[in-house]
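*Asks:* Read in order, the letters of the sequence shown correspond to residues 593 to 689 in the working numbering.
Glycine included, C-beta positions come from ideal geometry on N, C-alpha and C.
Quick caveat, the model's predicted, so the values are computed rather than measured.
What follows is a structure written as C-alpha cells; I'll ask about it next.
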Amino acid sequence: MGRRTQAERDADTVEIAYALFVAASLAGGTMLAVASPAFFFGVRSPSEGTLVRAGMIAGAVVFFAVLVAVLLRHGRTPRPPDPSDQPSQPGRTRPDS
593 MGRRTQAERD ADTVEIAYAL FVAASLAGGT MLAVASPAFF FGVRSPSEGT
643 LVRAGMIAGA VVFFAVLVAV LLRHGRTPRP PDPSDQPSQP GRTRPDS
C-alpha cells in the first residue's frame with residue numbers, strides 16, 4: 593500500500609474521534625440505565641453495590657464493542673479511486689499513453 597494522502601489521514605482521525613464519542617456516550621447511558629435504581633430510587637443493602645458494579649461492567653463491554661464495531665466498519669469502507677491511476681485518454685490502459 594502506498595502513502596496515504598492528508599485527506600485520508602484526516603478521515604481516519606475524524607472516524608476515531610467519532611467512534612470514541614459514540615462509544616463513551618452509549619457506555620455512559622448503559623451504565624446509568626443499569627445502575628439507576630441504586631442512584632435514583634434509593635435501593636439500599638448489598639444490591640446497591642451490585643447494581644453499580646454491574647452497570648460499570650456493562651458500560652465497559654458496550655464501550656469496547658461499539659468502538660471495535662465502528663472502527664472495523666470504517667476499515668471496510670471502500671476508498672474512492674485515485675485520479676492519477678486513471679488513463680489520460682479513454683481506451684488507453686497506461687497512464688503515460
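What does the Cβ neighbour count give for A657, buried or exposed, with the cut at 16 atoms within 10 Å?
*Replies:* exposed
*Asks:* For L664, which option in M648, E607 and G647 has the closest C-alpha, if you only look at C-alpha atoms?
*Replies:* E607
*Asks:* If I follow the unbroken alpha helix (DSSP H) through V606, where does it start and stop?
*Replies:* Q598 to F632 is the extent of the alpha helix (DSSP H) around V606.
*Asks:* At the level of alpha carbons, what is the spacing between A630 and G641?
*Replies:* When rounded, the distance between both Cα atoms is 8 Å.
*Asks:* Is the segment 596-607 close to the segment 616-624, with three or more CB pairs under 8 Å?
*Replies:* With a cut-off of 8 Å, the segment 616-624 and the segment 596-607 do not count as touching, because too few Cβ pairs lie within range.
*Asks:* For S639, which three-state DSSP category applies?
*Replies:* helix
*Asks:* When you compare each of F613, L659, V626 and R601 to A646 by their alpha carbons, which one comes out closest?
*Replies:* V626
*Asks:* Indicate the three-state DSSP secondary structure (helix, strand or coil) for R665 in the structure shown.
*Replies:* helix
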